[in-house]
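Quick mapping for you: the protein sequence lines, in order, are chains A and B. Counting in numbering that gives the first Met the number 0, the first sequence runs without a single skipped number right up to 261 at its last residue. Counting in numbering that gives the first Met the number 0, the second sequence runs without a single skipped number right up to 330 at its last residue. Notes for the one structure printed next.
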Amino acid sequence: MFEVRSRWKKVVLQVVLTLLVLPYLFPLVVMVQGSLAGAGVSNFRAVVDVPGFWRFFVNSGIIAASVIAIVYVVAMLASYGFAKLRIFGREVYFWILLACLTLPEVVLLAPLFTTDQKLNLYNTYWSVLLPLAALQVPFAVLLTRNFINGLPDELFEAFRVDGAGTVRTFRNLVVPLTRPIAAAVIIFSLIGAWNDYLMPLVFLQSPNMQTITLVPQFFVGEFNNDQTKILASALITAIPEIVAYLGLQRLFERGLTAGAVK
Amino acid sequence: MPQVATGGNPKGAQTSSPGRRWRPARAWHPKVPGVPGATSGRRGVKIASGIPWIMPALVLCVGLVYYCIGYTGLISTWSWDGISPNPEHVGAGNYSAIVHDPLFWGAVWHTLIFFAVTFTIQTFLGLLFAVLLHSKVKLAGIYKVVIFTPVVLAPAIMAPVFREMFSPTGQLNSVLHAIGLGVLEQPWIGQTSTALPAIMAITIWEFTGFTFVLYYAALSQIDNAIIEAARLDGAGNLRVITRIVWPNVAGTTFALATLGLIGALKTFDIPWLVTSAGPDYATNFLGTYIYQQIIQLDHVGYGAALSVILLVIAVIFGVVLQLWRNRRADH
Chain A
0 MFEVRSRWKK
10 VVLQVVLTLL
20 VLPYLFPLVV
30 MVQGSLAGAG
40 VSNFRAVVDV
50 PGFWRFFVNS
60 GIIAASVIAI
70 VYVVAMLASY
80 GFAKLRIFGR
90 EVYFWILLAC
100 LTLPEVVLLA
110 PLFTTDQKLN
120 LYNTYWSVLL
130 PLAALQVPFA
140 VLLTRNFING
150 LPDELFEAFR
160 VDGAGTVRTF
170 RNLVVPLTRP
180 IAAAVIIFSL
190 IGAWNDYLMP
200 LVFLQSPNMQ
210 TITLVPQFFV
220 GEFNNDQTKI
230 LASALITAIP
240 EIVAYLGLQR
250 LFERGLTAGA
260 VK
Chain B
0 MPQVATGGNP
10 KGAQTSSPGR
20 RWRPARAWHP
30 KVPGVPGATS
40 GRRGVKIASG
50 IPWIMPALVL
60 CVGLVYYCIG
70 YTGLISTWSW
80 DGISPNPEHV
90 GAGNYSAIVH
100 DPLFWGAVWH
110 TLIFFAVTFT
120 IQTFLGLLFA
130 VLLHSKVKLA
140 GIYKVVIFTP
150 VVLAPAIMAP
160 VFREMFSPTG
170 QLNSVLHAIG
180 LGVLEQPWIG
190 QTSTALPAIM
200 AITIWEFTGF
210 TFVLYYAALS
220 QIDNAIIEAA
230 RLDGAGNLRV
240 ITRIVWPNVA
250 GTTFALATLG
260 LIGALKTFDI
270 PWLVTSAGPD
280 YATNFLGTYI
290 YQQIIQLDHV
300 GYGAALSVIL
310 LVIAVIFGVV
320 LQLWRNRRAD
330 H
């Protein structure tokens with residue numbers, strides 16, 4: 000895009016880019032450096048040795064995996080229905096779903112809080128993963144419906160003519176062909192569930208149920224506000240995300256931006 | 000044309016059992032050119048109802064979200080602490096109190112200014128990075144990773160890092176001191192004048208990568224021939240960007256604006272964890288205000304009314320987004 004001919008200008012371009020990127024690196028450097036301050040590497044040991052530290056990861060894993068499973072199954076079924084099957088008043092149902100798209104989760108606080116207590120769901124995984132899944136489904140349906148719409152009708156007709164029922168069509172045609180968009184759905188559900196803070200904050204009270212986003216707060220109490228240990232805990236909780244991103248770079252970039260590019 | 004439609008070698012034809020052959024034969028060649036009624040095969044087999052397929056999604060979303068919205072609406076007419084069995088019904092009382100609540104208007108104002116500033120700077124930086132990384136620079140992959148990594152990190156996990164960084168003895172002030180800008184040192188998140196800008200800076204750090212990736216993808220779509228032609232006509236870099244690149248990514252910009260607006264309305268994690276919505280409510284947003292009212296102050300009715308207002312604003316923007324998306328799809 001930017002065209003520079005002379006070698007000198009190329010160097011200038013590179014330097015400008017580097018200077019612009021440095022602020023993005025800075026907080027990450029602060030995190031690493033801060034976590035090594037004071038007691039050095041033993042900060043990490045102290046964090047890891049706290050009983051139940053890995054429990055946060057297990058909880059986040061369980062919640063994220065469940066949200067992904069629910070969102071994937073529910074959204075796939077619905078998008079197949081919306082895109083290729085006969086539904087009277089199709090767009091009405093679709094808009095009912097889409098209206099949830101913009102919903103800030105904080106709006107759900109008051110009713111969920113009272114309902115969870117009535118149904119004894121308070122402080123269970125369900126109290127977090129059900130609302131998270133419900134908030135992710137509309138966007139997943141939007142994405143996958145658009146994708147399935149783009150599949151040629153003739154494929155579906157061939158299956159129908161062949162006597163294949165909707166279940167077989169779904170299993171043998173929809174599921175294999177939607178893999179590219181399924182990857183996007185899985186990634187954004189993962190990020191949404193893994194990074195969510197408000198729902199676990201409000202609905203998971205006992206530390207053995209809590210997720211990794213509550214780790215910093217847990218350690219503020221645990222280590223008497225010792226910043227180095229808190230930063231060490233932040234770094235340890237950030238590592239899986241960074242590794243996952245670096246390993247699946249393309250999937251992450253596509254998954255998180257799939258909604259905005261057609 | 001997909002291979003099945005040609006009728007030449009449909010996969011289904013080979014695998015079908017003889018017992019199913021009674022279905023209309025012409026469906027095998029539904030689109031043979033010149034054959035009258037060639038497309039009627041489509042009507043040969045009735046398409047199944049999709050209602051059972053969309054049911055799980057509807058049950059989950061309507062059952063949970065709409066139930067909650069209805070319940071919130073109901074609670075918003077009560078004066079309630081969340082526990083007492085007999086809440087006092089106050090009708091629209093909460094709403095009229097909100098209209099006269101300076102903290103509510105403060106939160107709305109913060110949301111608007113937060114959106115305006117973060118969106119403008121992210122757009123500028125995101126597009127700039129996209130253009131620079133589309134040019135011939137070295138190590139483009141590494142720059143890309145550095146810019147995008149913040150997008151995948153949980154704000155809640157980064158919050159303690161930013162508290163540390165922006166503290167009076169933090170790394171930001173050290174760096175300013177080291178590069179001779181010691182006069183700029185200040186308690187960034189400890190005073191009302193700089194707390195909101197600090198929150199904005201964190202958000203920009205967090206989401207520029209998202210803006211960048213979208214623009215990066217959009218730039219790949221621009222036909223290089225147009226740019227070449229402009230260059231031959233003597234257009235410089237700046238002119239190419241303002242006259243060709245910018246208009247060509249207008250769709251992306253609009254999408255980012257709408258997503259940014261909805262994101263601004265949802266803002267909670269960063270102001271809550273970094274500045275606790277303070278000092279003196281300087282970084283109070285609708286999300287943090289609702290949380291405070293419902294969870295901390297037990298003003299559940301008032302918080303519910305705030306939620307309804309937030310919901311109405313969000314839905315209005317959501318509808319705008321959808322209308323725009325549909326219009327764009329038609330083109």
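Cβ coordinates follow ideal geometry from the N, Cα and C atoms, glycine included.
| Asked | Found |
| --- | --- |
| Return the chain-ordered list of same chain residues with a C-beta closer than 7 Å to the C-beta of ALA182 (chain A), the five sequence neighbours on each side being excluded. | LEU250, GLY254 |
| Can the beta-carbon of ALA82 (chain A) be found less than 7 Å from the beta-carbon of ILE147 (chain A)? | yes |
| Roughly how many whole angstroms lie between the Cα atoms of LYS9 (chain A) and LEU237 (chain B)? | 16 Å |
| Are the C-beta atoms of MET30 (chain A) and some chain B residue less than 7 Å apart? | yes |
| Please list, in chain order, the chain A residues whose beta carbon lies closer than 9 Å to that of ASN236 (chain B). | MET0, PHE1, GLU2, VAL3 |
| Between ALA155 (chain B) and ILE46 (chain B), what straight-line distance do the alpha-carbon atoms span, to the nearest angstrom? | 48 Å |
| Report the rounded CA-to-CA distance for ASN122 (chain A) versus VAL184 (chain A), giving the unit in angstroms. | 27 Å |
| Can you confirm whether GLU163 (chain B), when its beta carbon is compared against all beta carbons of chain A, has any partner nearer than 7 Å? | yes |
| Nearest by alpha-carbon distance to GLY33 (chain A): which of A:PRO199, A:ALA231, A:VAL11 is it? | A:ALA231 |
| Considering just the uninterrupted stretch of the alpha helix (DSSP H) at ASN223 (chain B), what are its terminal residues? | 223-231 |
| Counting contacts by CB-CB distance shorter than 7 Å, is PRO159 (chain B) in contact with chain A? | yes |
| Anything in the region 114-129 of chain A with a Cβ closer than 8 Å to a Cβ of chain B? List those residues in chain order, please. | THR114, LEU129 |
| To the nearest angstrom, report how far apart TRP77 (chain B) and ASN85 (chain B) are at their CA atoms. | 10 Å |
| Quick one, which residues of the region 60-89 of chain A are near chain B if we go by CB-CB under 7 Å, in chain order? | VAL73, ALA74, LEU76, ALA77, TYR79, GLY80, PHE81, LEU84, ARG85, ILE86 |
| Below 8 Å CB to CB, which residues in the same chain sit around ALA139 (chain B) once its five sequence neighbours on both sides are set aside? | LEU132 |
| Which residues, taken in chain order from the region 214-241 of chain A, show a beta carbon closer than 9 Å to some beta carbon of chain B? | VAL214, PRO215, GLN216, PHE218, VAL219, GLN226, ILE229, LEU230, SER232, ALA233, LEU234, THR236, ALA237, GLU240, ILE241 |
| Bridge partners of TRP77 (chain B), per DSSP? | B:HIS88 |
| With which residues is ARG85 (chain A) paired in a DSSP beta bridge? | B:SER48 |
| How about THR252 (chain B): is its C-beta nearer than 7 Å to some C-beta of chain A? | no |
| I need the straight-line Cα distance from VAL173 (chain A) to GLU156 (chain A), nearest angstrom please. | 13 Å |
| Are three or more beta carbon pairs between the region 121-141 of chain A and the region 52-60 of chain B nearer than 8 Å? | yes |
| Measuring only the C-alpha atoms, how far is PHE284 (chain B) from VAL105 (chain A)? | 11 Å |
| Rounded to whole angstroms, what is the Cα-Cα separation between ILE141 (chain B) and ILE235 (chain A)? | 22 Å |
| Where THR38 (chain B) and LEU84 (chain A) are concerned, what is the direct C-alpha to C-alpha distance, given to the nearest angstrom? | Note that THR38 (chain B) scores 37 on pLDDT, short of 50, meaning its location in the model is unreliable; the coordinates nonetheless yield the value given after this. If you take the alpha carbons of THR38 (chain B) and LEU84 (chain A), they lie about 18 Å apart. |
| In chain order, what residues of the region 129-142 of chain A put their CB closer than 8 Å to some CB of chain B? | LEU129, PRO130, ALA132, ALA133, LEU134, VAL136, PRO137, VAL140 |
| Here's the rule I'm using: 16 or more other beta-carbon atoms within 10 Å means buried, otherwise exposed. How should VAL239 (chain B) be labelled? | buried |
| Once the 5 residues before and after GLY302 (chain B) are set aside, which same chain residues still bring their CB inside 7 Å of it? | ILE289, GLN292, ILE293 |
| Taking only beta-carbon atoms, is GLY33 (chain A) less than 7 Å away from chain B? | yes |
| With respect to the alpha helix (DSSP H) encompassing MET199 (chain B), which residues constitute its N-terminal and C-terminal limits? | 191-220 |
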